[in-house]
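K.L.:
Protein sequences appear in the order of chains A and B.
Residue numbers for the first sequence follow our numbering, so the first one is 1 and each next one is one higher.
Residue numbers for the second sequence follow our numbering, so the first one is 1001 and each next one is one higher.
Glycine included, each C-beta is placed from N, C-alpha and C at the ideal position.
Only a predicted model underlies this, so the values are computations on that prediction, with no experimental measurement involved.
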Amino acid sequence: MQYPDSISKLIESFSKLPGIGPKSAERLAFYVANKMKEEDVLNFAKSLVAVKRELMKCPICGNLTDKNPCVICRDTNRDKSIIAVVEENKDVIAIEKMKEYRGLYHVLNGVISPINGVGPQDINIPSLLERLKNDEIKEVILATNTTIEGESTAMYIAKLLEKIDISVTRIARGLPVGGGLEYADEVTLLKALEGRREIK
Amino acid sequence: MIEIKRLSLVNFRNYISLDISFNKKINIFLGNNAQGKTTLLESIYLLAISKSHKTFKDKDLIKFNESFCKVTTELTKDQNQLTLNVVISNEGKKVLVNQVEKRKTSEYIGVFNVVMFAPEDLEIVKGEPINRRKFIDIEIGQISSIYIFDLNQYNRILKQRNEYLKQISQTQKIDYAYLDTITEQLSFYGAKITSNRIKFINKLNKFARNLQKYISSHQEDLYINYLSNYQLKDNINQQQIFQLYKKNYQRDIIKGVTKLGIHKDDIRFIVNDIDVSNFGSQGQQRTTALAIKLALIDFVKEETNHYPIVLLDDVLSELDDNRQTQLLDCIKDKCQTFVTSTNISGIKKELIDKSDIFVIENARITKEKGEKYGKQ
Ligand SMILES: Nc1ncnc2c1ncn2[C@@H]1O[C@H](COP(=O)(O)OP(=O)(O)OP(=O)(O)O)[C@@H](O)[C@H]1O
Ligand SMILES: [Mg+2]
Ligand SMILES: [Zn+2]
């Protein structure tokens, strides 16, 4: 049996979302058609369009924003000498929640991963290099994930900055705070040892 | 001392539900073909390593047309009682120790170790290099979760590098900073893995050499040689390996694939100065396969302080009297052992006397009274 056109289109749209396979897409589409109130559907549709129309990537840092430039880039109270380089918007949110970091951000929007068709030029690295021409910047913190691709991306950026007079740091990996050593798994423990620092 | 006291299976391959207890060090499972003997050993192997020895597809272990399977064991390790669970379902695999889920393999691996003897062992000696690499990786992985991590990292970055090399030949564009980066990462893990493999082979060699001598009544001298594809004499380090890769950039770019690395390593078994894989007699090859497996028992003891559990799948009746005796000496009173066979007649009486015998028929188990098998 052929589905009505509008349902087929909705299924197709849902299956474009990450983590949604054809089966789930079908389930969601029929849920919308049969169970959702019209008012909710309208709100849903409106916010879908709104995030796309009203939000944009900050031309400076690449973070998702409804203002140009974003609230962080325009905040005069922030320390403009430090940039934390992160993979995704959600990493900015995670660091902001902490309320300790006062520097700026640069959102790469991904990591270098040839098997996913993402090369060095496909993430926001050129715009980072452009930003760093500004003398004000003294330190770049590479805060990509600890996956092997996160490491590659951090190492690659560090290489590009080798000849530039800016200090480049990598966030530490290690033990969860408040936990005893005996509860850490061996790989985490090893990385914590490798990342040890002198205190005397 | 580690001893499995109880084993239960639910929807595991041909078993719907099984619950057995063990009281003895040696347990023999007898049964015709396709009744579920190997499956029992496989479940014990799975509990130790969190993988099957037969398949890397966890879902193959679920009974046909079922949605999950579950394997549970109660074991004693020195004075401690432990319960282990492995559950495989559509959501993946869960492993639990004393009912607490362990999310990382490194938190689970090594609760207890196994050494499995199977007819396929001969392939380690006679087969392709990949069989030997698999052997090494599984055995080091059993005692070091860091090794497993390093190996996974290596394989992942190798895949990225090969894909990048392919893209270079398609686009004719090379970003050397990126190629250097992933090559450095490959060199870092390549160096670590090479050193660990060489260390492992040296330790194994020490034990296997003695065993080969005994089994062959001092006729055969075994030497295991690790053939590192990097071919570095000593002082294996990341920088040296990185330079080797750098020298081969052009070749790799033209071929679109990484030619050099631990994925090309191999080992040679030298018996009385000849390469036994290619030129050994059947008997020498069998002795070698047995010696390296037996050597693992000592290796596991040295590394973990505990003897492994020994699984003998269909191998006992394959071994002549002398080799059986040797094997028995190695496990005697040290390792709890699970043996499968289609036939009791090939098994030495000395072993039968010490064991409990279970008969398996169509995934059902009955414990036999000993007299039937001439036990005192
Ligand atoms: N996922 C599964 N679901 C149901 N049955 C399975 C599954 N996988 C394998 N089997 C069946 O389980 C049975 C037992 O296999 P097993 O390898 O344990 O036999 P065995 O007793 O060791 O036989 P042999 O003496 O030939 O080695 C076989 O008939 C096999 O086809
Ligand atoms: Mg079998
Ligand atoms: Zn911004």
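Relative to ligand 1, is the shortest distance from any of its heavy atoms to the C-beta of residue 1346/B smaller than 8 Å?
P.N.:
No.
K.L.:
Can you give me, in chain order, the residues of the segment 1184 to 1218 of chain B that have a beta carbon less than 8 Å from any beta carbon in chain A?
P.N.:
Going along the segment 1184 to 1218 of chain B in chain order, one finds 1184, 1185 with a Cβ nearer than 8 Å to chain A.
K.L.:
Pull up the distance between the alpha-carbon of residue 125/A and that of residue 160/A, whole angstroms please.
P.N.:
Straight-line Cα distance between these residues: approximately 10 Å.
K.L.:
Assign residue 1228/B to one of two classes, buried (16 or more other C-beta atoms within 10 Å of its C-beta) or exposed (fewer than that).
P.N.:
Residue 1228/B comes out buried.
K.L.:
Measuring CA to CA, which of 1010/B, 1187/B, 1030/B is closest to residue 1312/B?
P.N.:
Among 1010/B, 1187/B, 1030/B, the Cα nearest to that of residue 1312/B is on 1030/B.
K.L.:
Closer than 8 Å to a non-hydrogen atom of ligand 3 - does that hold for the CB of residue 76/A?
P.N.:
No, the beta carbon of residue 76/A sits no closer than 8 Å to any heavy atom of ligand 3.
K.L.:
Helix, strand or coil: how does DSSP classify residue 1079/B here?
P.N.:
Coil, per DSSP.
K.L.:
Let's test the definition: count the other Cβ atoms within 10 Å of the Cβ of residue 176/A and tell me whether it reaches 16, buried, or not, exposed.
P.N.:
Classification of residue 176/A: exposed, given that the 10 Å Cβ count is below 16.
K.L.:
Is the segment 1161 to 1174 of chain B in contact with the segment 1235 to 1255 of chain B, if contact means three or more CB pairs nearer than 8 Å?
P.N.:
The segment 1161 to 1174 of chain B is in contact with the segment 1235 to 1255 of chain B.
K.L.:
So is the beta-carbon of residue 1121/B under 8 Å away from any non-hydrogen atom of ligand 4?
P.N.:
No copy of ligand 4 appears in this structure; the ligands present are ligand 1, ligand 2 and ligand 3.
K.L.:
Count the C-beta pairs between the segment 132 to 149 of chain A and the segment 45 to 62 of chain A that are closer than 8 Å, then say yes if the count reaches three, no if not.
P.N.:
Judged by Cβ distances under 8 Å, the segment 132 to 149 of chain A makes no contact with the segment 45 to 62 of chain A, as fewer than three pairs qualify.
K.L.:
In the segment 1138 to 1162 of chain B, which residues sit with their C-beta less than 7 Å from some C-beta in chain A, listed in chain order?
P.N.:
From the segment 1138 to 1162 of chain B, only 1145, 1146, 1149, 1153, 1156, 1157, 1159, 1160 have a Cβ closer than 7 Å to chain A.
K.L.:
Taking DSSP's pairing of strands, which residues face residue 1356/B in a bridge?
P.N.:
According to DSSP, residue 1356/B bridges with 1027/B.
K.L.:
Whose beta carbon lies closer than 6 Å to any heavy atom of ligand 3, going through the chain in order?
P.N.:
In chain order, the hits are 58/A, 60/A, 61/A, 63/A, 69/A, 70/A, 72/A, 73/A.
K.L.:
Leaving out five residues on either side along the sequence, give the residues of the same chain with a beta carbon under 6 Å from the beta carbon of residue 1007/B.
P.N.:
Excluding sequence neighbours, residue 1007/B sits near 1020, 1073.
K.L.:
Answer with buried or exposed for residue 1046/B, where buried requires no fewer than 16 other C-beta atoms within 10 angstroms of its C-beta.
P.N.:
Classification of residue 1046/B: buried, given that the 10 Å Cβ count is 16 or more.
K.L.:
Within 10 Å of its beta-carbon, does residue 1035/B have 16 or more other beta-carbons around it, so buried, or fewer, so exposed?
P.N.:
Residue 1035/B should be labelled buried.
K.L.:
Quick one: what's got a C-beta closer than 7 Å to residue 89/A's C-beta in the same chain, skipping five residues either side?
P.N.:
63, 64, 107, listed in sequence order.
K.L.:
Distance check for residue 1014/B and residue 1296/B, CA to CA, integer angstroms please.
P.N.:
When rounded, the distance between both Cα atoms is 30 Å.
K.L.:
Got a sec: does ligand 1 put a non-hydrogen atom nearer than 8 Å to the Cβ of residue 1014/B?
P.N.:
True, at least one ligand heavy atom lies under 8 Å from that Cβ.
K.L.:
To the nearest angstrom, report how far apart residue 1054/B and residue 1364/B are at their CA atoms.
P.N.:
Their Cα atoms are separated by approximately 22 Å.
K.L.:
Show which residues of chain B have a CB atom less than 8 Å away from the CB atom of residue 185/A.
P.N.:
Residues of chain B passing the Cβ test: 1104, 1106, 1107, 1145.
K.L.:
Flag residue 1042/B as yes when its Cβ comes closer than 8 Å to any non-hydrogen atom of ligand 1, and as no otherwise.
P.N.:
Correct: residue 1042/B has its Cβ closer than 8 Å to ligand 1.
K.L.:
Return yes when the Cβ of residue 1237/B is within less than 9 Å of the Cβ of residue 1289/B, no when it is not.
P.N.:
For residue 1289/B and residue 1237/B, no; Cβs fall outside 9 Å.
K.L.:
On a Cα-Cα basis, can you pick out the residue from 1334/B, 1215/B, 1278/B, 1299/B that is closest to residue 1123/B?
P.N.:
With distances taken between Cα atoms, residue 1123/B lies closest to 1278/B.
K.L.:
Following a CB-centred definition, is residue 1038/B positioned closer than 8 Å to any heavy atom of ligand 2?
P.N.:
Correct: residue 1038/B has its Cβ closer than 8 Å to ligand 2.
K.L.:
Out of curiosity, what's the CA-to-CA distance linking residue 1292/B and residue 1194/B?
P.N.:
Cα to Cα, the separation comes out at about 20 Å.
K.L.:
Could you tell me whether the Cβ atoms of residue 150/A and residue 172/A are closer together than 9 Å?
P.N.:
Result no, Cβ atoms of residue 150/A and residue 172/A do not sit closer than 9 Å.
K.L.:
Once DSSP output is grouped into helix, strand and coil, what is the label at residue 1040/B?
P.N.:
DSSP places residue 1040/B in helix when its eight states are reduced to three.
K.L.:
In this structure, does DSSP put residue 1069/B in helix, strand or coil?
P.N.:
Residue state, collapsed to three classes: strand.
K.L.:
Starting from residue 1223/B, follow its DSSP beta bridges and name the residues at the other end.
P.N.:
Paired residue(s): 1270/B.
K.L.:
Since residue 51/A is in the alpha helix (DSSP H), which residue starts that stretch and which ends it?
P.N.:
Looking at the DSSP string, the run of the alpha helix (DSSP H) that includes residue 51/A is 38 to 54.
K.L.:
Any idea if residue 1044/B is buried or exposed, counting beta-carbon neighbours within 10 angstroms, 16 or more meaning buried?
P.N.:
When all chains shown are included, residue 1044/B counts as buried.
K.L.:
Measuring only between beta-carbons, confirm whether residue 190/A sits less than 9 Å from chain B.
P.N.:
So, interface residue.
K.L.:
What's the gap between the Cα of residue 1336/B and the Cα of residue 1181/B?
P.N.:
When rounded, the distance between both Cα atoms is 48 Å.
K.L.:
Does the structure place the segment 1112 to 1132 of chain B close enough to the segment 1269 to 1288 of chain B that three or more beta carbon pairs sit under 8 Å?
P.N.:
Verdict: yes, contact present.
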